[in-house]
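A short worksheet on the structure shown next.
2 protein chains.
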Amino acid sequence: MPREHNEPDEKIRERNIRLIIKAGIEIFSRKGYDGTRIAEIAEASGLPKANVYYYFSSKEQIYTAIIAHLLDGWDNALKFITADREPADAFRLYIRAKLDYTRKNIAETRLFASEIIQGARFLKKKDRQHIRDVTDKHVAVIEGWIAEGKILPVDPRHLFIMLWASTQFYAEFEPIAADGLKKSRLKVEDYEMAAQTIAETVLRGVLPRE
Amino acid sequence: MPREHNEPDEKIRERNIRLIIKAGIEIFSRKGYDGTRIAEIAEASGLPKANVYYYFSSKEQIYTAIIAHLLDGWDNALKFITADREPADAFRLYIRAKLDYTRKNIAETRLFASEIIQGARFLKKKDRQHIRDVTDKHVAVIEGWIAEGKILPVDPRHLFIMLWASTQFYAEFEPIAADGLKKSRLKVEDYEMAAQTIAETVLRGVLPRE
DNA sequence: TAATAAGTTGACACTTTGGTCAGGTTTTGT
DNA sequence: ACAAAACCTGACCAAAGTGTCAACTTATTA
Numbered sequence: 001m002p003r004e005h006n007e008p009d010e011k012i013r014e015r016n017i018r019l020i021i022k023a024g025i026e027i028f029s030r031k032g033y034d035g036t037r038i039a040e041i042a043e044a045s046g047l048p049k050a051n052v053y054y055y056f057s058s059k060e061q062i063y064t065a066i067i068a069h070l071l072d073g074w075d076n077a078l079k080f081i082t083a084d085r086e087p088a089d090a091f092r093l094y095i096r097a098k099l100d101y102t103r104k105n106i107a108e109t110r111l112f113a114s115e116i117i118q119g120a121r122f123l124k125k126k127d128r129q130h131i132r133d134v135t136d137k138h139v140a141v142i143e144g145w146i147a148e149g150k151i152l153p154v155d156p157r158h159l160f161i162m163l164w165a166s167t168q169f170y171a172e173f174e175p176i177a178a179d180g181l182k183k184s185r186l187k188v189e190d191y192e193m194a195a196q197t198i199a200e201t202v203l204r205g206v207l208p209r210e
Numbered sequence: 001m002p003r004e005h006n007e008p009d010e011k012i013r014e015r016n017i018r019l020i021i022k023a024g025i026e027i028f029s030r031k032g033y034d035g036t037r038i039a040e041i042a043e044a045s046g047l048p049k050a051n052v053y054y055y056f057s058s059k060e061q062i063y064t065a066i067i068a069h070l071l072d073g074w075d076n077a078l079k080f081i082t083a084d085r086e087p088a089d090a091f092r093l094y095i096r097a098k099l100d101y102t103r104k105n106i107a108e109t110r111l112f113a114s115e116i117i118q119g120a121r122f123l124k125k126k127d128r129q130h131i132r133d134v135t136d137k138h139v140a141v142i143e144g145w146i147a148e149g150k151i152l153p154v155d156p157r158h159l160f161i162m163l164w165a166s167t168q169f170y171a172e173f174e175p176i177a178a179d180g181l182k183k184s185r186l187k188v189e190d191y192e193m194a195a196q197t198i199a200e201t202v203l204r205g206v207l208p209r210e
């Protein structure tokens, strides 16, 4: 088996940790925490099991490293609901960015879903607090728009959940979504069409009539 | 430990299978297929492990029995999108029924999500076909409404996914949904409010302006 | 280039797992 | 009451699981 070679300047440590995390994301996302076997991660990353333990002292440590990595990714992807934009633009951008992120990071998205379904056992208090804070900030922006009459009075928290849920779905439930769309696999165009439908419907749903 | 006593006339076999399935739903939903240990199901159902194997010959058999049971439940719960209703009523009823079902069957809902995330390994071809058929039927009704001008031209499949996703979310992602709503746990009123927000928004989103 | 640090790994210890089985007890039909 | 059927279960496997370790090789640094 040809050894994956380093990117330029990438240290051995960095490369191996990257390989382990990458394999871990894939396998944890499919099997959940309890269902994942370290040996499988080792095999998928091309390292012997003992070498995995050289970098991580336990299964839990690999898992929590991945969760942290994942939450980081989201923060970068989602900064589009700000008060200085028009609601229509903000929603459209948000929906598109979220769908884009999930499409390009299907395994991470599934892993997060898996973690929550399994009881959010490894989501730290501060991680949850962080999610709450981000939500609150967005909610405040929406409430501002409502006060200005820019959108209709809708419960902003449920509205948010609706957007979150709709955009998550395509990655998490890919086989079901594909069945529903009568495709064998989802392609970029399907995500594109999803973004359009969600944005159109929700915008007509919340913008005041002219 | 006090033995759970029979419901009147319930045969031993029925009772034990019921107990095993019940425990199985709870544990499979939390741990996924690979993560679930038969010993844990045995303990949760109050039977010795060997007794579980007296009724089911393998882990897989328990799991697939549960999946079948679950799909049955859905068929009963969701019969509200029919061409003879007005769109507004049909959507409102569907959203409410789905949220009601997920609220009362949280573990089943999570188990289904878990199964899909883990690659739909045990969802039989005919089950998927059945889901497709039901979807197609609903899609046809929506297309009918569009043709009659009763609702705006929206992609019916993506619209459906939106409804499905939004209504699933509260059960699957309960901790996140609760965080988002600033509650410690979701109550009936929260599901009620969710139904209202989703229905209002989507209806304004698809009904033609007067 | 020599010493030290970092990385690698086969083999091992110990635990848990799915599943079996022989032999017991209880329920049921007649 | 008695036999047959249904039910129950402690003890047991082989396989698979997590994590360890001592001895080895490769990289780094002065």
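Going down the list, the sequences are from chains A and B. Residue 141 in UniProt numbering sits at position 141 of the first sequence; the count goes up by one each step and never skips. Residue 29 in UniProt numbering sits at position 29 of the second sequence; the count goes up by one each step and never skips. Just so you know, even glycine gets a beta-carbon here, dropped at the ideal spot from N, CA and C. From a predicted model like this one, the values you see are computed outputs, not experimental measurements.
- Nearest to I151 (chain B) by alpha-carbon distance, out of B:R121, B:V206, B:A120, is B:V206.
- If the five residues before and after F160 (chain B) are omitted, its C-beta is found closer than 6 Å to no C-beta atom of its own chain.
- Across the structure, L71 (chain A) and F91 (chain B) are spaced so that their CA atoms are roughly 35 Å apart.
- Counting only residues of its own chain and dropping the five nearest sequence neighbours on each side, T36 (chain B) has a CB closer than 6 Å to the CB of I27, F28.
- The distance from the Cβ of A23 (chain B) to that of I41 (chain B) is about 5 Å, consistent with a contact at the 8 Å cut-off.
- DSSP places G119 (chain A) in the coil class of the three-state scheme, outside both helix and strand.
- Taking 7 Å as the cut-off between beta carbons, the residues of the region 114 to 148 of chain B near chain A are S114, I116, I117, Q118, G119, A120, R128, I131, R132, T135, in sequence order.
- Under the three-state reduction of DSSP, R15 (chain B) is assigned to helix.
- Among the residues of the UniProt domain "HTH tetR-type" (14 to 74) of chain B, those with a Cβ less than 9 Å away from any Cβ of chain A are S29, R30, K31, G32, Y33, D34, G35, T36, R37, in the order of the chain.
- Contact with chain A is absent for T102 (chain B), since none of that chain's Cβ atoms lies less than 8 Å from the residue's Cβ.
- The Cβ of S166 (chain A) sits closer than 8 Å to at least one Cβ of chain B.
- At a cut-off of 8 Å between beta carbons, L186 (chain B) makes no contact with chain A.
- In this structure, the CA atom of Q61 (chain A) is about 33 Å from the CA atom of T102 (chain B).
- Separation of I142 (chain B) and A97 (chain B) (C-alpha to C-alpha, rounded to the nearest whole angstrom) is 18 Å.
- In terms of Cβ geometry, Y55 (chain A) and I95 (chain A) do not form a close pair [threshold 8 Å].
- At the C-beta level, A77 (chain A) and I25 (chain A) stay beyond 8 Å of one another.
- Judged by their CB atoms, I176 (chain A) and I131 (chain B) are nearer to each other than the 8 Å cut-off.
- At a C-beta separation below 8 Å, A177 (chain B) has these neighbours in chain A: I161.
- Taken through DSSP and simplified to helix, strand or coil, F28 (chain B) comes out as helix.
- Taking the CA atoms as reference points, G73 (chain A) sits about 43 Å from A147 (chain B).
- Residues of chain B with a Cβ closer than 9 Å to the Cβ of R96 (chain A) do not exist; the shortest Cβ-Cβ separation is about 14 Å.
- Relative to the Cα of E14 (chain B), the nearest Cα in the group B:V52, B:E192, B:I198, B:F112 belongs to B:V52.
- The shortest C-alpha to C-alpha distance from S57 (chain B) to any of B:H138, B:I17, B:K137 is the one to B:I17.
- Judged by their CB atoms, I66 (chain A) and L111 (chain A) are nearer to each other than the 8 Å cut-off.
- For G144 (chain B), the CB contacts under 7 Å within the same chain, skipping 5 residues up- and downstream, are A83 in chain order.
- Taken through DSSP and simplified to helix, strand or coil, S58 (chain A) comes out as coil.
- Not a single C-beta of chain A is nearer than 8 Å to the C-beta of R92 (chain B).
- Going by beta carbons, H69 (chain B) and M193 (chain A) fall outside the 8 Å limit.
- Pairing A165 (chain A) with K126 (chain A), the inter-Cα distance amounts to about 22 Å.
- When DSSP states are grouped into helix, strand and coil, G180 (chain A) belongs to the helix group.
- Between V154 (chain B) and E200 (chain A), the C-beta spacing is below 8 Å.
- Measuring C-alpha to C-alpha distances from V134 (chain A) to each of A:Y63, A:P208, A:K79, A:K11 identifies A:K79 as the nearest.
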